[in-house]
Every structure is written in C-alpha cells, then in structure tokens.
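Working notes, beginning with the structure itself.
There are 2 protein chains.
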Amino acid sequence: MGSGATDVVVVGAGVIGLSIAWRCAQRGLAVTVLDPAPGSGATWTAAGMLAPATELHYEGRPLLALTLDSAARYPGFVAELADATGVDVGYRRCGTLQAAWDAADLAALRDLHAFQSSLGIESELLTSRQLRAAEPALAAGLPGGLWAADDHQIDNRMLHGALRRAAGGAGVREVTARVGGWLRRGQQVVGVRTESGDRFEAGTVVLAAGAWSAAVAELPAQTGPSTPAGLQVPAGLQASAGLPAEVVPPVRPVKGQTLRLRGPSDLLNHVVRGAVRGSPVYVVPRGDGSLVIGASSEEAGFDLGPRAGAVYELLRDAQLLLPVLGEVRFDEVSTGLRPGSPDNLPMIGGTVVDGLLVATGHYRNGILLAPLTADAVAGLITGEDPGIDLTACDPRRFSRSEVSA
Amino acid sequence: MGSGATDVVVVGAGVIGLSIAWRCAQRGLAVTVLDPAPGSGATWTAAGMLAPATELHYEGRPLLALTLDSAARYPGFVAELADATGVDVGYRRCGTLQAAWDAADLAALRDLHAFQSSLGIESELLTSRQLRAAEPALAAGLPGGLWAADDHQIDNRMLHGALRRAAGGAGVREVTARVGGWLRRGQQVVGVRTESGDRFEAGTVVLAAGAWSAAVAELPAQTGPSTPAGLQVPAGLQASAGLPAEVVPPVRPVKGQTLRLRGPSDLLNHVVRGAVRGSPVYVVPRGDGSLVIGASSEEAGFDLGPRAGAVYELLRDAQLLLPVLGEVRFDEVSTGLRPGSPDNLPMIGGTVVDGLLVATGHYRNGILLAPLTADAVAGLITGEDPGIDLTACDPRRFSRSEVSA
Numbered sequence: 001m002g003s004g005a006t007d008v009v010v011v012g013a014g015v016i017g018l019s020i021a022w023r024c025a026q027r028g029l030a031v032t033v034l035d036p037a038p039g040s041g042a043t044w045t046a047a048g049m050l051a052p053a054t055e056l057h058y059e060g061r062p063l064l065a066l067t068l069d070s071a072a073r074y075p076g077f078v079a080e081l082a083d084a085t086g087v088d089v090g091y092r093r094c095g096t097l098q099a100a101w102d103a104a105d106l107a108a109l110r111d112l113h114a115f116q117s118s119l120g121i122e123s124e125l126l127t128s129r130q131l132r133a134a135e136p137a138l139a140a141g142l143p144g145g146l147w148a149a150d151d152h153q154i155d156n157r158m159l160h161g162a163l164r165r166a167a168g169g170a171g172v173r174e175v176t177a178r179v180g181g182w183l184r185r186g187q188q189v190v191g192v193r194t195e196s197g198d199r200f201e202a203g204t205v206v207l208a209a210g211a212w213s214a215a216v217a218e219l220p221a222q223t224g225p226s227t228p229a230g231l232q233v234p235a236g237l238q239a240s241a242g243l244p245a246e247v248v249p250p251v252r253p254v255k256g257q258t259l260r261l262r263g264p265s266d267l268l269n270h271v272v273r274g275a276v277r278g279s280p281v282y283v284v285p286r287g288d289g290s291l292v293i294g295a296s297s298e299e300a301g302f303d304l305g306p307r308a309g310a311v312y313e314l315l316r317d318a319q320l321l322l323p324v325l326g327e328v329r330f331d332e333v334s335t336g337l338r339p340g341s342p343d344n345l346p347m348i349g350g351t352v353v354d355g356l357l358v359a360t361g362h363y364r365n366g367i368l369l370a371p372l373t374a375d376a377v378a379g380l381i382t383g384e385d386p387g388i389d390l391t392a393c394d395p396r397r398f399s400r401s402e403v404s405a
Numbered sequence: 001m002g003s004g005a006t007d008v009v010v011v012g013a014g015v016i017g018l019s020i021a022w023r024c025a026q027r028g029l030a031v032t033v034l035d036p037a038p039g040s041g042a043t044w045t046a047a048g049m050l051a052p053a054t055e056l057h058y059e060g061r062p063l064l065a066l067t068l069d070s071a072a073r074y075p076g077f078v079a080e081l082a083d084a085t086g087v088d089v090g091y092r093r094c095g096t097l098q099a100a101w102d103a104a105d106l107a108a109l110r111d112l113h114a115f116q117s118s119l120g121i122e123s124e125l126l127t128s129r130q131l132r133a134a135e136p137a138l139a140a141g142l143p144g145g146l147w148a149a150d151d152h153q154i155d156n157r158m159l160h161g162a163l164r165r166a167a168g169g170a171g172v173r174e175v176t177a178r179v180g181g182w183l184r185r186g187q188q189v190v191g192v193r194t195e196s197g198d199r200f201e202a203g204t205v206v207l208a209a210g211a212w213s214a215a216v217a218e219l220p221a222q223t224g225p226s227t228p229a230g231l232q233v234p235a236g237l238q239a240s241a242g243l244p245a246e247v248v249p250p251v252r253p254v255k256g257q258t259l260r261l262r263g264p265s266d267l268l269n270h271v272v273r274g275a276v277r278g279s280p281v282y283v284v285p286r287g288d289g290s291l292v293i294g295a296s297s298e299e300a301g302f303d304l305g306p307r308a309g310a311v312y313e314l315l316r317d318a319q320l321l322l323p324v325l326g327e328v329r330f331d332e333v334s335t336g337l338r339p340g341s342p343d344n345l346p347m348i349g350g351t352v353v354d355g356l357l358v359a360t361g362h363y364r365n366g367i368l369l370a371p372l373t374a375d376a377v378a379g380l381i382t383g384e385d386p387g388i389d390l391t392a393c394d395p396r397r398f399s400r401s402e403v404s405a
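Sequence lines, in order, name chains A and B.
The opening position of the first sequence corresponds to residue 1 in UniProt numbering, with each subsequent residue numbered one higher.
The opening position of the second sequence corresponds to residue 1 in UniProt numbering, with each subsequent residue numbered one higher.
Given below as structure tokens:
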C-alpha cells in the first residue's frame with residue numbers, strides 16, 4: 001500500500017470525493033484518494049435523481065441556487081466523463097412527474113408550482129387525464145400532478161464506476177484503506193495516516209467522507225516529525241487531542257433505504273414521485289428496466305440494517321401509485337447513510353485549520369451536487385475562480401453562529 | 001469429473017436426494033449423487049416447518065399418515081445426523097400457534113380442531129387471552145387460535161449442510177453436474193450421462209430432482225454400448241426418444257417465496273401462523289434470531305424471479321399478525337420451486353422401467369417427508385422393509401388412472 005507525499009489527499013471515494021479528485025488531477029495536481037470501501041456509502045444506495053424542482057422545499061432557497069447550478073453543469077460533466085472513459089453513466093433527461101395522491105395533495109402541488117414559478121423554475125400543473133396520459137401505468141383516479149421537465153436522473157452506480165476510471169486515467173491514486181488519524185505540523189494539517197500506519201502527506205487534505213466525516217475529523221492527530229523507523233515510541237507521546245472541535249463538520253447519519261425492482265424497460269417514461277397519505281415515495285426508471293424506489297428516512301445512528309417495515313412501506317406506497325409494480329421482479333434492498341446537515345446545506349470549503357478543506361453534508365443531494373462541489377473545491381485549491389458563490393456552504397458558519405449566539 | 005459404475009445414482013442433491021443417498025450408503029451401497037447446484041432449489045427456500053397438524057387439509061388424510069410417520073422419524077434422524085457430523089440442524093420442538101384473524105377464521109379453526117381430533121391429532125383451542133399470553137408479540141385483538149404442540153421446525157439450510165457432510169462421510173460421491181440423458185440397456189435404465197458427456201452407470205437410478213423431475217425424465221436416452229473414445233458418432237444415431245411417457249412424473253413447479261428477517265432471538269417462542277383475510281402466512285423463529293416468513297404460492301412455470309408484490313404481501317400479512325416485525329432487520333428474499341403433484345401426494349417408488357425409482361412431488365412437505373422418503377427408497381433398493389405403506393405414493397398411480405379412465 002505504501003505511503004507518499006502528494007498535492008492533495010481526498011478522504012472518501014464516494015461520488016463527491018472522486019469528483020473532486022478527478023477535477024484536481026485534471027488541473028495537474030497529484031492526488032491520492034483513501035477509502036476503505038469506495039462507493040459503498042450513500043453513493044451506492046442513492047437513486048440518482050437530479051431534481052432541483054421537485055426536491056425544492058420552502059426553506060430551501062439557498063440550496064436551490066446550488067442545485068440549479070450543479071444541474072446545469074451535469075451535461076458537460078457527463079460528456080467529459082464519457083469522453084474520458086467511454087462509459088455511459090445513464091444520464092436520462094426524462095423529466096419528473098409528481099402525482100397528487102388526493103385533493104389536499106393537489107392543492108399542495110399547486111402551491112409548490114406557484115413557489116417554483118416565483119423563483120423562475122418551470123413546471124406545469126397536469127389534470128388527472130394529462131397525468132395518466134403522460135404515464136399510463138399510474139393508478140386510476142389520481143386527481144392531477146405536476147410536470148417538472150428539467151428534473152432528470154443519472155445511474156449513480158455507473159457514475160461512480162466512471163468516476164473511478166476517469167480519476168485513475170487522470171493519475172489519481174486510489175488507496176483502499178481507512179484513515180486512522182491526522183498528520184499536523186504546528187496548527188496546520190499536512191496529511192493523514194491510515195489505520196495500518198501508512199502516512200500520506202499532502203499540501204491539502206479534503207475531507208469528503210459523507211456521513212462518517214465527523215468521526216474522521218475527530219480522529220487523533222500526530223504532530224512533529226515522523227517516528228524514525230524501528231524506534232518504538234510510547235503510545236500517546238506524539239498524539240495530540242486531534243483537530244480543533246470547530247472543524248468537526250456537524251454531519252449526522254440519516255439512514256435511507258432504496259429498493260431495486262426490475263420490469264420491462266418501457267414500463268415508465270419518467271421519474272414518478274408522489275406523497276401517499278403524506279409519505280413521500282419515488283420511482284426512478286433506468287434504461288435497462290431497473291426501477292429504483294426510494295427512500296426511507298430515519299435517524300438511527302450508524303445502523304445499516306435494512307428495516308423490514310421500511311421495505312414494506314416503500315413497496316406499499318409505490319404500488320399504490322403504480323399498481324403494476326406488484327408484478328415486477330424484486331432485486332435488491334440497499335441501505336445507506338446520508339450525511340445530514342443542520343441546515344440541509346452542504347459544507348464546502350476551507351476550515352479554521354490550514355491545509356484542511358471539507359466537502360460533506362450533502363444530505364439528499366450528493367449526486368446532484370457532485371459537479372458543483374468538484375469544481376468549487378478544485379477552484380479553492382488551484383486559485384481558479386469556478387464562478388460559484390459558496391457563502392451558504394461555508395463550513396465555518398456553524399462555529400461562527402455559536403460565537404455570535 | 002470422471003465417470004463410473006456404482007450401485008445407486010441419485011439425480012438431485014436437495015434434502016430428498018441427499019437423505020436417500022445417505023441412507024443407502026449407510027446400508028453399504030456405493031452411491032453417486034449428481035446435481036448442478038446442490039441444495040439450491042426448494043431446499044434452500046423452504047421454511048423448515050414440520051407441521052403435520054397445521055398443514056392438514058380436509059382432502060389430505062392419505063398425506064397425513066405419511067407426514068405423521070415422517071415427523072415421528074425426525075428425532076432419530078436428527079440425532080443420527082448429529083452423531084455423524086457434529087452439526088446441530090436447528091431442530092426446535094417449539095410447537096405452532098395458529099392465530100385466528102377474525103371470527104370467521106376462528107370458526108374455521110374450530111372446525112379444523114374437530115377434524116384433527118377425529119383423526120387423533122392433538123391440538124388445543126385458545127382464547128384471545130391465551131393466544132396473546134403464549135406469544136405476546138401477536139397483535140392485540142385477535143379473537144383466538146389453535147395450539148399444535150407437536151408441529152415443530154428444522155433449519156432446512158443447516159439440515160442440507162449436515163446431510164451433505166453425513167453423506168460424504170458415509171462414502172457418497174457428490175458430482176456437481178447436470179444430467180443430460182439416460183443410459184439404457186434394452187428396456188432397463190442403467191445409468192445417466194451428464195451434459196458434458198460423463199457416464200454414470202448404476203444398478204438403480206433414483207430421480208429426486210424436485211420441480212425439475214419431469215424435465216429430467218424427458219431427457220433423451222442412449223442405448224447400446226458406450227461410444228468408443230475418439231470415435232465421432234453422428235448426433236442422434238444412438239439416441240432413442242427417451243424414457244416411456246408414463247414414467248415422467250407429473251410434477252409441476254409451484255413457485256414459492258420466503259423472506260428472512262432478523263430480530264432478537266427471544267422475539268417469538270413458537271412458529272406463528274395465520275390466514276390474514278384468507279391469505280396464509282407463517283413466521284418461523286430460528287434460535288439465532290432469524291425469522292423465516294412464508295410463503296407465496298404461484299403457478300409461474302420455471303420463473304425464479306422474486307415478485308415484488310409477493311414480498312409486499314408477505315410483509316403486510318406478517319406485520320398484521322406481528323406488528324413488531326416492522327422494526328426488525330430485512331435480510332433476504334428467496335424464491336424456490338416446489339415440486340407440485342396432481343393429488344398433493346409425493347411419488348415414491350418404482351416405475352414401469354426397471355432400474356428407475358422416483359422420489360419427487362413432495363410439494364409443500366419435502367423437508368418434513370425426507371426421513372420417511374429416504375427410509376422407503378433405501379428399503380426398496382435393499383429389500384429391507386422400512387414399515388412404510390407407500391400405496392398412496394406409488395408413482396404408477398397416474399398412468400393407471402389414465403388407463404382406467
């Protein structure tokens with residue numbers, strides 16, 4: 001496995017970490033990515049919706065600017081990936097139908113439509129008949145819906161595979177290892193060491209470990225020169241208490257489950273969403289007939305066990321919207337941990353510790369925000385201006401608000 | 001892989017085939033078992049209920065004699081397996097609670113209880129309060145139930161593993177290969193050949209291929225001497241049309257799905273069954289906390305894809321009986337094909353073709369009937385009398401009834 005010195009170490013090889021690594025390597029930087037199980041986190045469980053409009057929430061205006069910007073970057077991002085790797089990542093510009101479950105839900109969709117319009121987001125209200133004409137597999141009798149023509153999808157697992165290949169092709173070194181601690185010189189972060197003791201020094205470390213970002217930030221730090229080989233140093237002598245508390249990103253794991261079914265590839269034409277008796281559910285049809293159903297949302301710590309009740313509820317609600325789903329093949333249950341953030345906005349940027357950037361807290365929008373996050377972080381490291389206003393994502397906003405409170 | 005001559009060839013290494021092979025080897029016979037994927041069929045998907053009483057149906061008196069006999073053989077069978085292998089096969093004498101869903105269902109259970117009593121099977125009607133006291137995780141408000149103290153369970157997967165080890169220890173040769181055709185000498189069956197051309201000659205061939213038994217019986221036959229090595233024989237020259245139609249066992253695949261959840265090992269004390277709005281469901285608690293939920297029943301040919309609607313219905317009905325199941329871990333969906341029989345009775349015994357025995361068509365009772373089937377077939381081959389009346393299981397009954405019709 002070995003150690004080494006490099007320009008950038010990225011901790012985390014999910015879609016966020018690899019996108020950053022790839023963009024940095026494209027700019028001529030030497031990059032190493034460390035992950036004990038690349039792409040096994042939220043990257044694997046995600047459904048890959050790219051949905052600024054239908055994921056819009058009333059409190060979410062600052063987030064909207066980011067999601068719209070990143071959605072606009074997607075066509076170029078995907079085209080570049082295809083050029084670099086020859087991999088089709090299943091980017092489908094299929095649009096999204098949000099079906100209303102009942103009259104109250106339809107009224108809520110009308111309000112959402114008005115809110116979207118006030119922000120310049122195009123969407124269209126549909127009658128019951130228009131909804132069913134757009135997606136004949138929908139249950140009869142739904143009162144109407146909303147058509148979001150610009151909410152698309154990508155196959156997140158294929159995206160991860162392509163990013164891995166593109167990063168490798170651009171010279172990124174991928175190390176399958178768990179980070180065990182930080183390397184510091186004075187107040188500065190100068191690298192990480194793995195659990196097995198390998199040291200990776202770098203001018204910049206980017207913490208992109210998703211739901212595990214806080215736990216990684218809380219690992220112990222080692223200061224001073226490397227321990228000379230062969231010399232046994234008493235445990236703890238060179239270990240400090242770790243990084244300052246204010247750089248620990250306040251991410252929390254938000255457990256999500258998705259199901260994967262498989263039907264004929266022409267079963268659905270669009271992403272279908274709904275809120276069945278208030279409970280949100282979506283169905284994302286891939287080009288190969290795979291149907292991703294999501295997603296549960298639970299605050300259950302780092303427990304990754306799929307909950308039988310969540311499987312049941314997703315199947316129930318998805319079948320109520322699309323009865324034909326009862327007849328298709330059941331392929332998989334997947335459970336992941338979203339990196340939840342206190343204000344539902346990610347943390348992207350520098351910290352109070354020199355040499356340490358973070359890119360985490362993407363919560364429900366990690367796949368969508370990957371192109372923007374990668375461009376932003378690469379810009380911060382190289383000094384290029386990617387034209388992204390990161391004020392709302394400043395990782396230091398939480399420590400600041402504590403000071404001013 | 002090689003070929004060979006042996007006393008007995010068993011086609012099929014599920015629980016039925018391996019039990020037969022083991023019993024034959026114990027009696028000094030040289031046995032070879034062939035299967036392309038040992039134990040991957042109904043053996044793997046089964047829940048392992050040993051339930052003569054609660055599986056009793058009004059038309060099922062002849063079956064009852066067999067299931068009671070085999071249930072009585074289980075303690076000795078399991079003890080011998082444990083002696084031979086050191087493997088605990090999860091035989092739990094836990095009894096079975098059949099919960100009534102509503103008043104009509106309770107009335108049906110009262111009738112079943114009376115029918116059981118008339119046949120000398122012990123069971124006990126329970127009040128709502130007694131039912132809940134016996135199994136506190138049951139939903140509140142169920143009107144009563146039936147206690148079948150002698151309906152137990154076994155871990156069918158551990159049973160299969162133990163049988164494999166015991167058979168191997170007794171000298172059974174297991175060959176991982178798919179049978180491609182029959183070897184005949186005159187009217188007699190004298191062995192099988194594999195798809196890759198290996199020949200296995202035997203004094204007796206036992207067809208125990210579960211749901212695939214008819215398809216195997218319909219394979220082409222090869223008569224006359226072996227093809228000399230190196231000599232290319234024109235295709236078809238030595239191939240006859242196969243075995244006579246009347247020895248093809250009329251088994252059909254009946255698709256079943258089971259789920260495996262996982263909870264605390266003390267969640268349930270007994271097998272729990274019910275018929276929620278007429279739809280049967282059962283939950284079998286293993287000693288390790290695994291909870292097997294079954295089982296769907298569909299006539300869908302040889303399709304092995306798990307159906308999303310069946311997963312949904314099993315979770316729904318199991319949760320209606322045992323609400324706590326919504327909170328436990330979802331581990332697995334398994335799909336298997338039961339070997340259905342026209343009269344729901346197995347086919348065990350000789351055929352009109354010398355050298356060919358069949359042991360198939362066990363439908364919902366393959367695990368339960370394994371000890372009886374193995375003793376019966378070993379008795380038929382060695383001439384020992386196992387004390388089993390196989391009249392109702394005679395494989396020739398279907399061709400006879402066609403003649404008399």
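For every residue, glycine included, the Cβ atom is placed at its ideal position computed from N, Cα and C.
- [ ] Ignore the nearest five residues each way along the sequence and tell me which others in Q232(B)'s own chain have a CB closer than 7 Å to its CB.
- [x] For Q232(B), the pLDDT reaches just 48, beneath the cut-off of 50, and the residue's location in the model is therefore unreliable, although a value from the coordinates is still provided. There are no such residues.
TODO: Closer than 8 Å, Cβ to Cβ, to anything on chain B: give me those residues from the segment 285-309 of chain A, in chain order.
DONE: In summary, the residues of the segment 285-309 of chain A whose CB is separated from some CB of chain B by less than 8 Å are G305, P306, R307, A308, G309, in the order they occur in the chain.
Open item on the list: Using CA atoms only, rank isn't needed, just tell me which of Q26(A), A209(A), L112(A), A202(A) is closest to G169(A).
Closed with: In terms of CA proximity to G169(A), Q26(A) leads the group Q26(A), A209(A), L112(A), A202(A).
TODO: Would you check if the distance between the CB atom of H160(B) and the CB atom of T43(B) is smaller than 9 Å?
DONE: With contacts defined by Cβ atoms closer than 9 Å, H160(B) and T43(B) form a contacting pair.
- [ ] Just the C-alpha distance for V172(B) and V179(A), rounded to the nearest angstrom, thanks.
- [x] Whole-angstrom Cα-Cα distance: 50 Å.
- [ ] Say whether chain A places a C-beta atom closer than 9 Å to the C-beta of L259(B).
- [x] In terms of beta-carbon proximity, L259(B) lines the interface with chain A, with at least one pair separated by less than 9 Å.
Task: the segment 47-61 of chain A / the segment 289-296 of chain A touching (three or more Cβ pairs under 8 Å) - done: The segment 47-61 of chain A vs the segment 289-296 of chain A: in contact.
Open item on the list: Quick check on this structure: which residue in A71(A), A275(A), R307(A), P264(A) has the alpha carbon closest to the alpha carbon of D288(A)?
Closed with: In terms of Cα proximity to D288(A), the closest of A71(A), A275(A), R307(A), P264(A) is P264(A).
Open item on the list: Mapping the DSSP letters down to three states, classify Q187(A) as helix, strand or coil.
Closed with: Coil, per DSSP.
Open item on the list: Just checking: is the beta-carbon of Y363(A) within a distance shorter than 9 Å of some beta-carbon in chain B?
Closed with: For Y363(A), no CB of chain B lies under 9 Å from its own CB, so it is not counted at the interface with that chain.
Open item on the list: Please state whether the Cβ-Cβ distance between V353(A) and Q187(A) is less than 9 Å.
Closed with: Less than 9 Å separates the beta-carbon of V353(A) from that of Q187(A).
Task: Beta-carbon proximity list for C24(B), same chain, < 7 Å, skipping 5 on both sides - done: Taken in chain order, the residues that qualify are V8, V31, A378, I381.
Open item on the list: I'd like the list of long-range same chain contacts for P253(B), defined as Cβ closer than 6 Å, with 5 residues on each side in sequence excluded.
Closed with: The beta carbon of P253(B) sits closer than 6 Å to the beta carbons of A211, F302, L337 from its chain, once the five residues preceding and following it are set aside; these are given in chain order.
Task: Closer than 9 Å to chain B by CB, Y312(A) - done: At least one chain B Cβ lies under 9 Å of Y312(A).
Task: Cα-Cα separation, R396(A) to V272(B) - done: Rounded to whole angstroms, R396(A) to V272(B) spans 55 Å at the Cα level.
Task: Collapsed DSSP secondary structure at G41(B) in the structure displayed - done: Here DSSP, grouped into helix, strand and coil, assigns G41(B) to coil.
Open item on the list: For a cutoff of 9 Å on Cβ pairs, would you count R329(A) as touching chain B?
Closed with: Yes, contact with chain B.
Open item on the list: DSSP three-state label for E135(B), please.
Closed with: Here DSSP, grouped into helix, strand and coil, assigns E135(B) to coil.
Task: Coil, strand or helix - I293(B) by DSSP - done: Looking at I293(B) - three-state DSSP - the assignment turns out to be strand.
TODO: Indicate whether at least one CB of chain B lies closer than 9 Å to the CB of G274(A).
DONE: Look at G274(A): its C-beta is not under 9 Å from any C-beta on chain B.
TODO: With DSSP collapsed to three states, give me the class of W101(B).
DONE: In this structure, W101(B) counts as coil in the three-state DSSP scheme.
Task: V281(B) - partner residues in DSSP beta bridges - done: Beta-bridge pairing links V281(B) to G274(B).
TODO: State whether the segment 299-315 of chain B contacts the segment 111-120 of chain B, with contact taken as three or more CB pairs (one from each stretch) at a distance under 8 Å.
DONE: The segment 299-315 of chain B is not in contact with the segment 111-120 of chain B.
Task: Cβ of V333(A) within 9 Å of any chain B Cβ - done: Cβ-Cβ to chain B under 9 Å: yes for V333(A).
Task: Cutoff 8 Å; reference H270(B); Cβ partners in own chain excluding five residues on either side - done: Cβ neighbours of H270(B) beyond the five flanking positions: C94, G95, T96, L97, A134, E135, P285.
Task: In DSSP terms, what T6(A) is bridged to - done: Residue pairing of T6(A) in beta bridges, as defined by DSSP: A202(A).
TODO: Note the first and the last residue of the continuous alpha helix (DSSP H) segment covering E122(A).
DONE: Here E122(A) belongs to no alpha helix (DSSP H), and DSSP marks it neither H nor E.
Open item on the list: Check whether chain A comes within 9 Å of R277(B), counting only Cβ atoms and requiring the distance to be less than that.
Closed with: No - not a single Cβ of chain A is within 9 Å of the one on R277(B).
- [ ] Compare the beta carbon distance of A202(B) and G28(B) with 9 Å and say whether it is the shorter of the two.
- [x] A distance of 9 Å or more separates the beta carbons of A202(B) and G28(B).
TODO: Using beta-carbon positions only, say whether L125(B) and W147(B) come within less than 9 Å of one another.
DONE: Against a cut-off of 9 Å, the Cβ pair of W147(B) and L125(B) comes out as a contact.
Open item on the list: Distance cutoff 9 Å, beta carbons only. Does R316(B) sit that close to anything in chain A?
Closed with: So yes, R316(B) belongs to the interface.
Open item on the list: Give me the chain B residues within the contact set of G326(A), using Cβ-Cβ distance strictly less than 9 Å, ordered along the chain.
Closed with: Ordered by position in chain B, the residues that pass the 9 Å Cβ test against G326(A) are R307, A308, G309, A310, Y312, E313.
- [ ] Could you name the residues of the same chain whose beta carbon sits closer than 6 Å to that of R132(A), not counting the 5 residues immediately before and after it, in chain order?
- [x] Here the set comprises L138.
TODO: State yes or no: is the C-beta of V10(A) within less than 9 Å of the C-beta of A370(A)?
DONE: Here V10(A) is not near A370(A), since their CB atoms are 9 Å or more apart.
Open item on the list: For Q319(A), would you say it is in contact with chain B, using Cβ-to-Cβ distances shorter than 9 Å as the test?
Closed with: Interface residue (Cβ-Cβ distance to chain B less than 9 Å): Q319(A) is classified as such.
- [ ] Drop a sphere of 10 angstroms on the beta-carbon of D105(B), count the other beta-carbons inside from all chains shown, and report buried for 16 or more, exposed for fewer.
- [x] Buried is the call here.
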